[in-house]
Amino acid sequence: MRYLKHALNKIISIIIISALLCPVFSLRSYALENWASDVYVASEGACLMDADTGVVLYGKNEENAYYPASITKVMTALLTIENCDNLSEQVTFSYDAVHIEEENSTIIGASEGDKLSVLDCLYSLLFQSANEVANALAEHVGAKHPELKEDGMSDRDVFIKMMNTRAKELGCTGTHFNNPSGLTDSEHYVTAHDMCRILAAAVKNDTFLDIESHTYWTHAPIRRYPDANDPWNTVYAKHAMLKRNSSQYYSGTLAGKTGYTMTAGNTLVTAARRNGMTLVTCVLNAHANHYNDTRRLMDFGFDNFTSLKVIDYDDTNSAIASDFRISGINMVDSKTLGIDPDTRITIPKGGNYIEVRKSLEVSEDADGNSTASLIYSYGDRTVGAAKLKLINIGDGSELYEEAKTDPLLANALGIKTDAELEAESESARAAEESSVNEAQSSEGSEAVGNEASVNGDGDNIQPDSETASIADKAAETAKENTDNAKMKNMGSNGKDTEGDPGDRIDKGELFKKLGFGAVAVIVVLFLLIICNTFRDRRQAERRARRRAARMKRTKDMTGTQQIHMDLELQRRSRKDKKRRKK
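The opening residue of the sequence shown carries number 3 in my numbering; numbering runs sequentially from there.
Spelled out as structure tokens, the structure:
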């Protein structure tokens with residue numbers, strides 16, 4: 003009974019282990035790649051982020067608030083572009099726009115009443131970092147939204163309100179703007195992470211990128227410099243990593259903005275793209291290390307991480323759509339939930355997509371509307387997210403196209419295949435030819451009969467036997483053509499005919515085969531355990547018989563003989579232990 007209980011315990015353990023392992027027999031095993039972090043940054047605040055996924059690859063005090071200085075103008079430029087459909091609109095410089103209290107403020111020298119196009123202003127804003135231009139653009143855009151104006155608010159105040167609203171829309175949590183230029187203000191601050199979010203949104207704007215692709219721009223003349231060819235009317239890009247003739251040039255740099263005040267120190271935001279991955283960086287209070295820190299961050303990101311397009315590895319959309327398909331054909335005109343095909347994730351370079359896990363997250367907006375997102379995780383880090391949205395899964399027309407070549411599907415829909423229609427057409431033509439031949443044969447017989455009667459020949463002339471059977475032959479030919487066409491179609495659709503070696507094995511069959519394999523493994527293990535159990539039992543019985551015989555012999559031994567026997571048994575025991583250790 004004891005041996006049977008021992009055997010059953012072994013069997014149950016093997017069955018449980020086999021059941022747990024069966025689902026993963028065919029999966030490769032991967033070890034998670036470590037998340038790199040070995041990069042030195044001298045700036046007080048810094049952040050490196052993938053612009054497409056929003057994944058932070060490195061951060062140093064990235065959620066702490068700092069004065070931003072002129073990198074504020076990235077938000078000013080983005081809001082202006084988004085709210086001005088016509089970049090030829092004229093911006094008028096007001097008295098408040100050109101009179102700036104802070105000393106040594108960067109300007110282009112505009113005077114009250116000067117007018118420049120929105121495009122000229124954007125170049126002057128981003129290249130020259132002109133503060134009076136920031137003020138003028140804020141007033142111009144703010145005036146477009148009187149619905150946002152409250153009592154006592156100026157057009158510039160409306161624009162500042164729009165800046166903070168847009169920052170929240172981009173996910174900024176530790177940023178507050180209080181002017182459009184970045185001049186020092188206790189209520190004007192940003193975090194490195196938030197500035198990366200803002201720049202990431204800006205580089206997705208084609209107009210912003212087009213402006214940043216230039217190294218200089220000549221704007222229209224202004225009152226102080228009325229000559230159109232005056233060199234003071236030309237502004238140049240200040241970001242050294244964008245300029246090929248600079249020692250700080252960095253290959254792949256798309257855009258960026260410099261900033262400096264005595265209080266804020268050096269600030270810098272930069273975007274660069276290599277191998278399909280766009281990275282954005284922000285360094286704050288950099289103490290003249292802004293370019294070196296940015297270069298180290300960019301090298302660190304491109305060397306250690308990679309960006310993957312989810313649709314190249316994930317079948318989420320097709321899996322959802324397949325719920326509305328039969329044999330791969332859309333059955334209804336409908337929409338279903340799916341992810342944006344441009345969704346990307348960021349993982350370590352040595353990692354693999356199979357290591358990424360997905361989870362569904364449902365949240366509510368301010369209006370109480372529920373939104374759902376797929377969250378992609380690598381280990382304990384979020385590496386991307388995709389909002390679920392409506393996607394079209396087809397109009398059902400494919401069903402009838404497929405039925406034209408599929409007899410079974412055509413029969414289910416009550417329509418005819420192309421081959422059947424062609425066979426019917428052939429039959430109709432054959433029947434028509436048969437009737438024509440019969441008519442001609444009848445006319446020929448009548449003519450011969452008439453001729454015989456005219457000549458006085460009383461013999462009856464019989465029509466040719468081949469001519470008489472033309473109709474029967476035509477009907478047989480039409481029937482054969484129809485049968486051959488049907489057989490051809492049945493043979494050409496291996497997925498719907500029995501016995502076709504091209505049949506596709508569906509998932510149900512695959513899991514059934516895996517299940518049979520698991521059962522076979524368990525049966526073999528069961529038989530091995532039974533055999534081992536009986537073998538152990540026989541060995542135990544033999545040992546018991548030997549022990550009994552030894553005890554019987556011991557009774558007749560002298561004291562000396564017993565001592566020698568005990569020593570011999572001890573020696574054998576030690577020898578067995580040594581052998582087992584080896």
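We put the beta carbon where it would ideally sit given N, CA and C, even for glycine.
Tell me the DSSP secondary structure of residue i in three-state form.
| i | result |
| --- | --- |
| Ala-321 | In this prediction, Ala-321 scores a pLDDT of 49, lower than 50, which makes its location untrustworthy; the coordinate-derived value is nonetheless stated afterwards. Helix at Ala-321. |
| Gly-496 | Residue placement at Gly-496 is poorly supported in this model, since its pLDDT is 43, which falls under 50; the coordinates still yield a value, given next. If DSSP states are grouped into helix, strand and coil, Gly-496 belongs with coil. |
| Ile-83 | helix |
| Leu-172 | coil |
| Arg-383 | strand |
| Ser-365 | strand |
| Tyr-355 | helix |
| Met-279 | strand |
| Gln-572 | helix |
| Thr-78 | helix |
| Ala-230 | coil |
| Ala-67 | coil |
| Thr-1 | One cannot answer for residue 1 here, as it falls past the ends of the chain, which runs 3 to 584. |
| Thr-419 | coil |
| His-289 | coil |
| Lys-245 | coil |
| Thr-55 | coil |
| Pro-223 | coil |
| Gln-541 | helix |
| Met-164 | helix |
| His-147 | coil |
Confirm, please, whether the CB-CB distance from residue j to residue i is below 7 Å.
| i | j | result |
| --- | --- | --- |
| Phe-161 | Val-143 | yes |
| Ala-132 | Ile-224 | no |
| Val-76 | Ile-200 | yes |
| Thr-209 | Ile-83 | yes |
| Ala-79 | Leu-128 | yes |
| Ile-377 | Glu-363 | yes |
| Lys-389 | Ser-375 | yes |
| Thr-175 | Tyr-69 | no |
| Val-205 | Trp-219 | no |
| Thr-280 | Ala-53 | yes |
| Leu-172 | Ala-203 | yes |
| Gly-267 | His-289 | yes |
| Asn-306 | Ala-38 | yes |
| Leu-81 | Met-197 | no |
| Ala-239 | Thr-217 | yes |
| Glu-114 | Tyr-97 | yes |
| Asp-157 | Ala-145 | yes |
| Ala-138 | Val-93 | yes |
| Thr-296 | Leu-270 | yes |
| Ser-361 | Thr-373 | no |
| Tyr-2 | Tyr-293 | With the chain covering 3 to 584 only, the question about residue 2 has no answer from this structure. |
Measure the beta-carbon distance from residue i to residue j and round it to whole angstroms, keeping in mind my assumption that it falls under 8 Å.
| i | j | result |
| --- | --- | --- |
| Asp-122 | Ala-222 | 6 Å |
| Gly-254 | Arg-276 | 5 Å |
| Cys-86 | Val-120 | 5 Å |
| Met-300 | Tyr-262 | Contact doesn't hold; Cβ gap of about 21 Å is too wide. |
| Val-57 | Val-385 | 5 Å |
| Gly-61 | Leu-286 | Going by Cβ atoms, the distance from Gly-61 to Leu-286 rounds to 12 Å, so no, they are not a contact pair. |
| Ile-102 | Gln-130 | With a Cβ gap of about 14 Å, Ile-102 and Gln-130 do not count as contacting. |
| Leu-588 | Gly-352 | The question about residue 588 has no answer, for the chain in this structure spans 3 to 584. |
Taking DSSP's pairing of strands, which residues face residue i in a bridge?
| i | result |
| --- | --- |
| Cys-284 | Cys-49, Val-271 |
| Ser-72 | Answer is none; Ser-72 lacks a bridge partner. |
| Tyr-218 | Tyr-238 |
| Thr-296 | None; Thr-296 has no bridge partner. |
| Leu-310 | Ile-347 |
| Lys-360 | Tyr-378 |
| Gly-258 | Thr-272 |
| Gly-61 | Cys-49 |
| Thr-263 | Gly-267 |
| Ala-388 | Leu-376 |
Could you check whether the Cβ of residue i sits closer than 6 Å to any heavy atom belonging to the ligand NAD?
| i | result |
| --- | --- |
| Asp-538 | Ligands displayed in this structure: none; no statement on the ligand NAD is therefore possible. |
Unbroken alpha helix (DSSP H) runs of length 4 or more, entirely within the segment 174-216: which are they? Taken in chain order, the unbroken stretches of alpha helix (DSSP H) that lie wholly in the segment 174-216 and span 4 residues or more are 194-204, 208-214.
Going along the chain, which unbroken runs of the alpha helix (DSSP H) with 4 or more residues stay wholly within the segment 92-132? Entirely contained in the segment 92-132, the alpha helix (DSSP H) runs reaching 4 residues are, in chain order, 97-100, 120-125.
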